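S.K.:
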Amino acid sequence: MSDSLPQTQGEIIMQDSMMELMWKNAHLYGGNLSYVEQLYEAYLIDPNAVPQEWREEFDRLPKTGDNLTQDIPHTPIRDHFQLLAKNQRKAGPASVASVSSEHEKKQVRVLRMINAYRVRGHQVAKIDPLNLLQRPPVPDLDLRFHELSEADYDTTFQLGSLFFGTEEAPLKSIVEDLKKTYCSSVGAEYMHIVDTQEKRWIQSRMEPVRCDPVLDADTRIHILERLTAAEGLEKYLGSRYAGAKRFGVEGGESLIPCLDELIQRAGKDGAKEVVIGMAHRGRLNVLVNIFGKNHPTSLVNLKVKKPLKHQVT
């Protein structure tokens with residue numbers, strides 16, 4: 641009597657299925673593994689660079705999680721760790737021509753990415769506190785658009801013309817500081833300015849403080865008081881003179897603390913006289929909260945609904 645039991649029909653079908661699966665995936669193993677890896681890395685960089693049958697094969701690869709980011713090629717990661725190992729064995733950086741050339745290429749890409757944040761960072765700035773505006777992503781601000789990846793985070797690059805206080809920094813620190821400066825609650829669109837000196841002036845004010853200057857308590861209270869005065873006057877005009885043309889400054893109340901600071905600094909620098917020419921919008925608010933005009937004097941024209949005519953001396 642044989643020790644082995646006869647196979648059931650289910651076991652035979654399972655074996656056939658396993659054999660069929662192994663035959664289907666046989667080209668992914670053995671001597672073809674290196675070739676398949678090269679194809680897959682080419683597919684990650686440009687899916688159209690591989691034949692259609694391989695592109696369909698890679699498209700069918702399973703995904704784990706809804707928020708899974710795009711896979712990255714492994715070759716740069718291996719090169720990065722090889723460079724770290726070489727640097728640990730030597731006192732100075734590895735003097736390998738290919739590695740040096742690759743680093744120089746990435747340095748150019750980093751500088752290009754820095755310029756992209758300066759030009760288009762305002763498009764993703766968090767200036768909508770209610771999060772009602774649906775904005776499309778900006779490809780220029782993605783690492784992979786510049787042929788960089790998270791594997792380069794620990795690599796040190798030159799900062800170029802950035803006013804970040806240092807000449808070089810790791811890529812991770814560069815990206816974080818760029819997002820703080822150009823993609824936070826302040827959106828700055830200024831790269832269209834022709835005058836290079838004016839652009840550099842704006843950058844020298846924004847980038848060192850990452851668009852988040854540290855102000856003392858007295859300065860913060862003064863700014864709040866100016867904003868409150870501007871908004872309070874607009875609410876008073878809206879309720880007291882409903883329907884009248886008052887050329888309000890709603891949405892632009894920051895004009896008042898800005899003008900106040902500008903005049904204060906001009907006085908400290910020795911200015912004796914300030915002449916302001918402006919459009920109708922916000923004129924009443926400027927007259928009251930900047931020039932100190934009394935309410936009845938400034939609002940008498942609203943009562944008779946005539947254009948305002950004020951001469952400031």
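Per the working numbering, residue 641 is the first one in the sequence shown, and the count goes up by one each step.
We treat Cβ as the ideally placed atom computed from N, Cα and C, and that holds for glycine.
The structure displayed is predicted, hence computed values, not measured ones.
(1) How would you call Asn-929, buried or exposed, if buried means at least 16 neighbouring beta carbons within 10 angstroms?
(2) To the nearest angstrom, how far is it from the Cα of Pro-779 to the Cα of Arg-860?
(3) Measure the CB-CB distance between Ile-842 and Ala-828 and report whether it falls below 8 angstroms.
(4) Mind checking Asn-934: buried by the 16 CB within 10 Å criterion, or exposed?
(5) Is Pro-687 helix, strand or coil by DSSP?
(6) For Val-759, which residues from the same chain have a beta carbon less than 8 angstroms from its beta carbon, with the 5 sequence-adjacent residues on both sides left out?
(7) For Gln-798, write down the residues that DSSP places opposite it in a beta bridge.
(8) Can you look up Ile-916 in the DSSP assignment and give me helix, strand or coil?
(9) Helix, strand or coil for Asn-929? Go by DSSP, reduced to three states.
(10) Once you ignore the five residues that flank Cys-851 on each side, which residues in its own chain have a CB closer than 7 angstroms to its CB?
(11) Take the Cβ of Phe-1040 as the centre, count every other Cβ of all protein chains shown within 10 Å, and call the residue buried at 16 or more, exposed below.
(12) What residue range is occupied by the uninterrupted alpha helix (DSSP H) comprising Met-846?
(13) How is Pro-769 classed by DSSP in three states: helix, strand or coil?
(14) Once the 5 residues before and after Pro-687 are set aside, which same chain residues still bring their CB inside 6 angstroms of it?
(15) Candidates Glu-787, Glu-893, Val-914, Gly-891: which alpha carbon is nearest Leu-902's?
(16) For Glu-874, count neighbouring C-beta atoms within 10 Å of its own C-beta (all shown protein chains included) and say buried if the count is 16 or more, exposed if not.
(17) Return the CA-CA distance between Ala-689 and Tyr-683, expressed in angstroms with no decimal places.
(18) Pull up the distance between the alpha-carbon of Lys-745 and that of Leu-751, whole angstroms please.
(19) Could you give the distance in angstroms between the alpha-carbon of His-786 and the alpha-carbon of Ile-754?
(20) For Val-926, is the classification buried or exposed, using 16 other Cβ atoms within 10 angstroms of its Cβ as the cut-off for buried?
(21) Would you mind sorting Ala-725 into buried or exposed? The rule is 16 or more other CB atoms within 10 Å of its CB.
(22) Assign His-832 to one of three DSSP states: helix, strand, or coil.
(23) With a threshold of 6 angstroms on Cβ separation, who are the neighbours of Leu-818 within its own chain once the five nearest residues in sequence on each side are excluded?
(24) Would you grab the beta carbon distance between Gly-910 and Val-889 for me? Rounded to a whole angstrom, and I think it's under 8 angstroms.
(25) Could you tell me how far apart the beta carbons of Glu-893 and Leu-855 are, in whole angstroms, since I believe they sit closer than 8 angstroms?
(26) Would the C-beta of Ile-903 count as close to the ligand NAD, meaning under 7 angstroms from any of its heavy atoms?
M.R.: Reading off the structure:
(1) Stepping through the sequence shown from its first residue, residue 929 is reached at position 289. Its Cβ being crowded by 16 or more others within 10 Å, Asn-929 is buried.
(2) One-based indexing of the sequence shown puts residue 779 at position 139. One-based indexing of the sequence shown puts residue 860 at position 220. Taking the straight line from one Cα to the other gives about 37 angstroms.
(3) Here residue 842 refers to the residue found at position 202 of the sequence shown. Here residue 828 refers to the residue found at position 188 of the sequence shown. Cβ atoms of Ile-842 and Ala-828: closer than 8 angstroms.
(4) Sequence index remark: in the sequence shown, residue 934 carries index 294 (1-based). Asn-934 comes out exposed.
(5) Numbered from its first residue, the sequence shown carries residue 687 at position 47. Secondary structure at Pro-687: helix, using DSSP grouped into helix, strand and coil.
(6) As a working mapping, residue 759 is identified with position 119 in the sequence shown. Closer than 8 angstroms at the Cβ level, and outside the excluded window around Val-759, lie Asp-780, Met-831.
(7) As a position in the sequence shown, residue 798 is number 158, starting the count at 1. Paired residues: Glu-808.
(8) Here residue 916 refers to the residue found at position 276 when the sequence shown is read from its first residue. Of the three classes helix, strand and coil, the one that applies to Ile-916 here is coil, per DSSP.
(9) Residue numbering aside, residue 929 sits at position 289 when the sequence shown is read from its first letter. DSSP places Asn-929 in helix when its eight states are reduced to three.
(10) Numbered from 1 along the sequence shown, position 211 holds the residue referred to as residue 851. Shown here for Cys-851: same chain residues with a beta carbon closer than 7 angstroms to its own, the five before and five after excluded, namely Lys-820, Thr-821, Ser-824, Val-826 in chain order.
(11) Because the chain spans 641 through 953 in this model, residue 1040 falls outside it and cannot be assessed.
(12) Numbered from its first residue, the sequence shown carries residue 846 at position 206. Per DSSP, Met-846 belongs to the alpha helix (DSSP H) from 836-846.
(13) The sequence position of residue 769 within the sequence shown is 129, counting from 1. Reduced to three states, the DSSP call for Pro-769 is coil.
(14) Counting from one through the sequence shown, the residue named residue 687 turns up at place 47. Same-chain partners within the cutoff: Arg-695.
(15) As a first step, residue 902 must be located in the sequence shown, where it is residue number 262. It is Val-914 whose Cα lies nearest to the Cα of Leu-902.
(16) The residue given as residue 874 occupies position 234 in the sequence shown. Glu-874 is buried by the Cβ-count criterion.
(17) In the sequence shown, the residue the question calls residue 689 occupies position 49. In the sequence shown, the residue the question calls residue 683 occupies position 43. Separation of Ala-689 and Tyr-683 (C-alpha to C-alpha, rounded to the nearest whole angstrom) is 6 angstroms.
(18) In the sequence shown, counting from the first residue as 1, residue 745 sits at position 105. In the sequence shown, counting from the first residue as 1, residue 751 sits at position 111. One C-alpha to the other measures close to 10 angstroms.
(19) Numbered from 1 along the sequence shown, position 146 holds the residue referred to as residue 786. Numbered from 1 along the sequence shown, position 114 holds the residue referred to as residue 754. Going from the Cα of His-786 to the Cα of Ile-754 covers about 10 angstroms.
(20) Here the question's residue 926 lines up with position 286 in the sequence shown. So Val-926 counts as buried.
(21) In the sequence shown, the residue the question calls residue 725 occupies position 85. Exposed, because fewer than 16 other Cβ atoms sit within 10 Å of the Cβ of Ala-725.
(22) The sequence position of residue 832 within the sequence shown is 192, counting from 1. For His-832, the secondary structure class from DSSP, reduced to helix, strand or coil, is coil.
(23) Mapped onto the sequence shown, residue 818 falls at position 178. The residues are Tyr-757.
(24) As a working note, residue 910 is residue 270 in the sequence shown. As a working note, residue 889 is residue 249 in the sequence shown. Their Cβ separation, rounded to whole angstroms, is 29 angstroms, which puts Gly-910 and Val-889 out of contact at 8 angstroms.
(25) What you label residue 893 is simply residue 253 of the sequence shown in a count that begins at 1. What you label residue 855 is simply residue 215 of the sequence shown in a count that begins at 1. That pair is no contact at about 18 angstroms.
(26) Of the ligands one can find in the structure shown there are none, so the ligand NAD has no counterpart to examine.
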